[in-house]
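Undergrad: Chains A and B, in that order, give the protein sequences. This note's numbering numbers the first residue of the first sequence as 20 and each following residue consecutively. This note's numbering numbers the first residue of the second sequence as 974 and each following residue consecutively.
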Amino acid sequence: MTSLFEEVPVSIDGDIPTTRVEVKVNGERRAAEIEPRLLLAHLLRNGFKLTGTHTGCDTTNCGACTVLLDGEPVKSCTVFAVQANGHEVTTVEGLASSEQLHPVQEGFKDEHGLQCGFCTPGMMLSAVALLNENDNPTEDEVRWALSGNLCRCTGYQNIVKAVIWAGAKMRGEA
Amino acid sequence: MYPSRFQYEAPTTLAEAIAILAANDDAKVLAGGQSLIPMMKLRFASPATLVDINNIPGLDFHGADADGTYRIGALCRHAHLEKSTTLAEHQPLLASCAPLVADPIVRTRGTFVGSVCHADPQGDWASCMVALDGSITAVGPNGKRSIPVKEFVAGPFTTVLAKDEIAIEGVIAPAKGTRAGGYLKLERRVGDFATAGVAIALDMSGGVVTNAGIGLTGVGAQTVDAADAAAALIGSSLDPDAIEQAATLAAEVSKPRSDHRGSASYKRHIVSTFVTRILGNVQRAEMQVA
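1. On the CB-based measure, 16 or more other CB atoms within 10 Å of its CB, does residue 1179 of chain B come out buried or exposed?
2. Ends of the beta strand (DSSP E) at residue 94 of chain A?
3. Return the bridge partner residues of residue 1184 of chain B from the DSSP annotation.
4. How would you write the range of the beta strand (DSSP E) that residue 1073 of chain B sits in, first residue to last?
5. Whole angstroms are fine: how far does the CA of residue 1140 of chain B sit from the CA of residue 1046 of chain B?
6. For residue 1261 of chain B, which of helix, strand or coil comes out of DSSP?
7. Looking at chain A, which residues of the stretch 1072 to 1087 of chain B have a Cβ within less than 7 Å of any of its Cβ atoms?
8. Cβ of residue 164 of chain A less than 9 Å from any chain B Cβ?
9. Which of the three DSSP states, helix, strand or coil, is assigned to residue 1189 of chain B?
10. Would you check if the distance between the CB atom of residue 976 of chain B and the CB atom of residue 1000 of chain B is smaller than 9 Å?
11. Can residue 190 of chain A and residue 151 of chain A be called in contact, C-beta distance under 9 Å?
12. Is the Cβ of residue 1158 of chain B closer than 9 Å to any Cβ of chain A?
13. Just reading off the beta strand (DSSP E) that residue 1091 of chain B is part of, what are its end residues?
14. Report the residue from A:58, A:72, A:170, A:130 whose alpha carbon sits nearest the alpha carbon of residue 188 of chain A.
15. Suppose the cutoff is 8 Å on Cβ atoms and the five residues either side in sequence are ignored; what does the same chain contact list for residue 1217 of chain B look like?
16. Starting from residue 80 of chain A, find everything on chain B with Cβ-Cβ shorter than 8 Å and list it in chain order.
17. Excluding five sequence neighbours on each side, which residues of the same chain lie with their C-beta closer than 7 Å to the C-beta of residue 985 of chain B?
18. Measure the Cβ-Cβ separation of residue 1173 of chain B and residue 1252 of chain B and say whether it is below 9 Å.
19. Please state whether DSSP places residue 106 of chain A in a helix, a strand or coil.
20. Report the three-state DSSP secondary structure of residue 1247 of chain B (helix, strand or coil).
21. Count Cβ pairs between the stretch 1145 to 1159 of chain B and the stretch 1218 to 1230 of chain B that sit closer than 8 Å; are there 3 or more?
22. How would you label residue 1138 of chain B, buried or exposed, when you count the other beta carbons within 10 angstroms and need 16 or more for buried?
23. Just the Cα atoms here: how many angstroms apart are residue 1176 of chain B and residue 1105 of chain B?
24. Indicate, with yes or no, if the ligand HEM has a heavy atom lying under 8 Å from the CB of residue 1216 of chain B.
25. Could you check where the alpha helix (DSSP H) with residue 1063 of chain B kicks off and where it finishes?
26. For a quick check, are the C-beta atoms of residue 118 of chain A and residue 90 of chain A less than 9 Å apart?
27. Inspect the beta-carbon positions of residue 101 of chain A and residue 1033 of chain B and report whether they are closer than 9 Å.
28. Please work out which residues of its chain come closer than 7 Å, Cβ to Cβ, to residue 1215 of chain B, disregarding the five sequence neighbours upstream and downstream, and give them in chain order.
29. DSSP has residue 1017 of chain B in a bridge; who is on the other side?
30. For residue 1056 of chain B, count the other beta carbons within 10 Å of its own beta carbon; 16 or more makes it buried, fewer makes it exposed. Which is it?
31. Do the stretch 1096 to 1113 of chain B and the stretch 1147 to 1163 of chain B make contact, defined as three or more Cβ pairs closer than 8 Å?
32. If you follow the beta strand (DSSP E) that residue 1133 of chain B is part of, which residue opens it and which one closes it?
33. Looking at C-beta atoms only, is the number of pairs between the stretch 33 to 49 of chain A and the stretch 174 to 186 of chain A that lie closer than 8 Å three or more?
34. Less than 9 Å between the beta carbons of residue 1052 of chain B and residue 1043 of chain B, yes or no?
35. Kindly indicate which residue of B:1018, B:1016, B:1060 has the alpha-carbon position closest to the one of residue 1035 of chain B.
36. Which residues in the same chain have their Cβ closer than 6 Å to the Cβ of residue 1013 of chain B, if we skip the five residues on either side of it in sequence?
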């Protein structure tokens, strides 16, 4: 085996133990034969080619790799892919439908919530998790909910505005 | 970064998990993984076998028994405690600590019991459990045993758990009177290790302290039990003299090291300030009730 993962069907040679996982990613059932040490971030990016999930610090600090696991935000660099077996994962690619952006994506566009864009997928998934629980958060609540996601460009002001905009949109007020 | 290779086991019963631990010399329990996985990625830890307990039912709980004993199960996440509607009523110290653990994303995954088992001198929950004189229930091949947290931690990142034992819950005894207290932590940014943290648990009866415990985070090679400072509070009504004495004793017993987060004397000052602040808050709340 040359890499840590291969999408199935594939024959694994050698005696490195692998495990089959089935994960529902953005509503679609995906399967892979993986080494248990493969991180969820790498299964998504390299295995499933969903490169919207970014790996930033790789040390559980920056939150760029945030995805939703059964609706809860997790840092996908700090979850083994094998732990997602039988669960549902939402990545940034799963937010928009073919015609319609997610309100959070619209908000980031409308309120200039990004500059370089590297932290944006993680920011948006944390925001989606917050708004799914509370679609009318205060500025403090937004800042609190996003405090595990680091942005080095914006100074956060427009990110916070974008999330508040998205909340209004989700309530039908924007 | 990839961890070293390991054998992954995902048992669905505790008995199965214990059997796997017993059969493997270098096995580690995986609950939330928010400390273990980063350590494995940095190869500070390279267990040969990981026993993932996330598929074992019945470990995701927290709440009070009829007699007021409070139990937190091994799969209770920090976020569950943060969002709990009953925690503040029974355990104000834990309720004030929950939102300060790590960051919101880590809190959805990391567990209370896992954090205590990790035995990091920077762990917030361990300080709370020291202050509350809580215990850990461990299950092994020969059944259950209860281990007081003050004896549970053998040193930094080391506990007295046997290799075939699993910590299944944290247990806190009922209050003698009304439980009060709080947690304060100074951190440079959300998710950073504490510069210093203070956990205070008090039982109050008629405005008088009947029981007290103080645990200190990040100011020693392991969680500091400021027992003398806590003893100085018992029998007092949190008058300024008692508070000052407790603050002084807590600062004295802390053993911080100077580092990029601050000098040792600065950290001692923070300990003293936080003790004063938490006790002042409790005292003011008591005045409002009375």
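C-beta: ideal position from N, C-alpha, C; glycine also.
TA: Let me spell this out:
1. Residue mapping note: residue 1179 of chain B aligns to position 206 of the second sequence, counting from 1. It is exposed - the Cβ of residue 1179 of chain B has fewer than 16 other Cβ atoms within 10 Å.
2. Position 75 of the first sequence, counting from 1, holds the residue named residue 94 of chain A. In this chain, the beta strand (DSSP E) harbouring residue 94 of chain A covers 91 to 94.
3. The residue labelled residue 1184 of chain B in the question sits at position 211 within the second sequence. Within the DSSP secondary-structure output, residue 1184 of chain B pairs in a beta bridge with B:1176.
4. Numbered from 1 along the second sequence, position 100 holds the residue referred to as residue 1073 of chain B. Following the DSSP letters along the chain, one finds residue 1073 of chain B in no beta strand (DSSP E), marked with neither H nor E.
5. One-based indexing of the second sequence puts residue 1046 of chain B at position 73. One-based indexing of the second sequence puts residue 1140 of chain B at position 167. Roughly 9 Å between the two C-alpha positions.
6. Numbered from its first residue, the second sequence carries residue 1261 of chain B at position 288. DSSP places residue 1261 of chain B in helix when its eight states are reduced to three.
7. Going along the stretch 1072 to 1087 of chain B in chain order, one finds 1076, 1077, 1078, 1079, 1081, 1082 with a Cβ nearer than 7 Å to chain A.
8. Taking the first residue of the first sequence as position 1, residue 164 of chain A is located at position 145. Put simply, the CB of residue 164 of chain A is near chain B, with a gap under 9 Å to one of its CB atoms.
9. Within the second sequence, the letter at position 216 stands for residue 1189 of chain B. Residue 1189 of chain B falls in the strand class under three-state DSSP.
10. By 1-based counting over the second sequence, the position of residue 976 of chain B is 3. By 1-based counting over the second sequence, the position of residue 1000 of chain B is 27. It is not a contact, given that the beta carbons lie outside the stated cut-off.
11. Taking the first residue of the first sequence as position 1, residue 190 of chain A is located at position 171. Taking the first residue of the first sequence as position 1, residue 151 of chain A is located at position 132. No, Cβ-Cβ distance for residue 190 of chain A and residue 151 of chain A is not below 9 Å.
12. Taking the first residue of the second sequence as position 1, residue 1158 of chain B is located at position 185. Not closer than 9 Å to any Cβ of chain A, the Cβ of residue 1158 of chain B fails to qualify, so no.
13. The count along the second sequence starts at 1 and reaches residue 1091 of chain B at position 118. Boundaries around residue 1091 of chain B are those of the alpha helix (DSSP H), 1085 to 1091, since no beta strand (DSSP E) includes it.
14. Your numbering for residue 188 of chain A matches position 169 in the first sequence. Comparing Cα positions, the closest option is A:130.
15. Against the second sequence, residue 1217 of chain B aligns to sequence position 244. So the qualifying residues of the chain are 1249.
16. For the purposes of this step, residue 80 of chain A is taken as residue 61 along the first sequence, with counting starting at 1. Chain B residues near residue 80 of chain A: 1164.
17. The residue you call residue 985 of chain B lines up with position 12 of the second sequence. 1028, 1029, listed in sequence order.
18. Translated into the one-based positions of the second sequence, residue 1173 of chain B becomes position 200. Translated into the one-based positions of the second sequence, residue 1252 of chain B becomes position 279. With respect to residue 1252 of chain B, residue 1173 of chain B sits close: the two C-beta atoms are nearer than 9 Å.
19. Counting from 1 along the first sequence, the entry for residue 106 of chain A is found at position 87. DSSP, reduced to helix, strand and coil, places residue 106 of chain A outside both helices and strands of the structure shown, so it counts as coil.
20. By 1-based counting over the second sequence, the position of residue 1247 of chain B is 274. Of the three classes helix, strand and coil, the one that applies to residue 1247 of chain B here is helix, per DSSP.
21. Segments in contact, no.
22. Taking the first residue of the second sequence as 1, we reach residue 1138 of chain B at position 165. A residue is called buried once 16 or more other Cβ atoms fall within 10 Å of its Cβ, and residue 1138 of chain B is buried on that count.
23. Within the second sequence, numbered from 1, the residue matching residue 1176 of chain B stands at position 203. Within the second sequence, numbered from 1, the residue matching residue 1105 of chain B stands at position 132. One Cα belongs to residue 1176 of chain B, the other to residue 1105 of chain B, and the distance between them is close to 10 Å.
24. Although the ligand HEM was asked about, the structure shown includes no ligands whatsoever.
25. By 1-based counting over the second sequence, the position of residue 1063 of chain B is 90. Secondary structure note for residue 1063 of chain B: its alpha helix (DSSP H) is the uninterrupted segment 1060 to 1063.
26. Numbered from 1 along the first sequence, position 99 holds the residue referred to as residue 118 of chain A. Numbered from 1 along the first sequence, position 71 holds the residue referred to as residue 90 of chain A. Not a contact, by the Cβ cut-off of 9 Å.
27. Taking the first sequence and counting its residues from 1, the one referred to as residue 101 of chain A is at position 82. Taking the second sequence and counting its residues from 1, the one referred to as residue 1033 of chain B is at position 60. The answer is no: Cβ separation not under 9 Å.
28. On the second sequence, residue 1215 of chain B is found 242 positions in, with the first residue counted as 1. Answer for residue 1215 of chain B: 1205, 1206, 1209, listed in chain order.
29. In the second sequence, the residue the question calls residue 1017 of chain B occupies position 44. Per DSSP, none; premise fails for residue 1017 of chain B.
30. Start at 1 with the first residue of the second sequence, and residue 1056 of chain B comes out as number 83. Exposed is the call here.
31. Counting Cβ pairs under 8 Å, three or more are found: they touch.
32. Start at 1 with the first residue of the second sequence, and residue 1133 of chain B comes out as number 160. No beta strand (DSSP E) holds residue 1133 of chain B; DSSP gives it neither H nor E.
33. The stretch 33 to 49 of chain A vs the stretch 174 to 186 of chain A: no contact.
34. Looking up residue 1052 of chain B in the second sequence gives position 79. Looking up residue 1043 of chain B in the second sequence gives position 70. Contact flag unset, no.
35. Looking up residue 1035 of chain B in the second sequence gives position 62. Ranking the options by Cα distance to residue 1035 of chain B, first place goes to B:1060.
36. The sequence position of residue 1013 of chain B within the second sequence is 40, counting from 1. If the five residues before and after residue 1013 of chain B are omitted, its C-beta is found closer than 6 Å to the C-beta atoms of 976, all from its own chain and listed in chain order.
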